[in-house]
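Note that numbering that gives the first Met the number 0 has the sequence shown beginning at 0, numbered continuously upward. Note that the Cβ used here is the ideal one computed from N, Cα and C, for glycine as well. This one's a predicted model, so the numbers in the text were calculated from it and none came from an experiment.
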Amino acid sequence: MAGGKCIALIAHDQKKDAMAEFARRNQNALADWHIVATGTTGARVLDACPDLKVTRLKSGPLGGDQQIGAMIATGDIDMVIFFIDPLTPMPHDVDVKALTRLAVLYDIPMALNEATADRLIKTLNH
């Protein structure tokens, strides 16, 4: 992403409502950031916060997780917030693990639940 900071927002199906609410609640903090999001998550965030700058990628199972992983590897992502659902089996679990591995490898701050995301988001504009 040319110019500015970029944050990735991803949420499993059972966590999409929580992600939309998280974005709404933190809209001011997110306003100065470019957001990339997997397909449906991006749509839900835009519905909740139409003024945010959101680029929607493919759905996670259709390659969106891998698109975000590639952006991490090229230095285009500065932070990842991924609301995972640990109780629902994921057919694309391998993609999720690869994305997590890349975030760790490239030392990208990553929140996997709402409590961590709330703490991480407070650092955005400081």
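Taken in chain order, the unbroken stretches of alpha helix (DSSP H) that lie wholly in the region 47–119 and span 4 residues or more are 63–72, 92–104. The Cβ-Cβ distance between V103 and M70 does not fall below 8 Å.
A28: member of the alpha helix (DSSP H) spanning 26–29, first to last residue. In the DSSP assignment, A10 forms a beta bridge with F82. Taking a contact to require three or more Cβ pairs closer than 8 Å, the region 19–31 and the region 59–68 do not qualify as touching.
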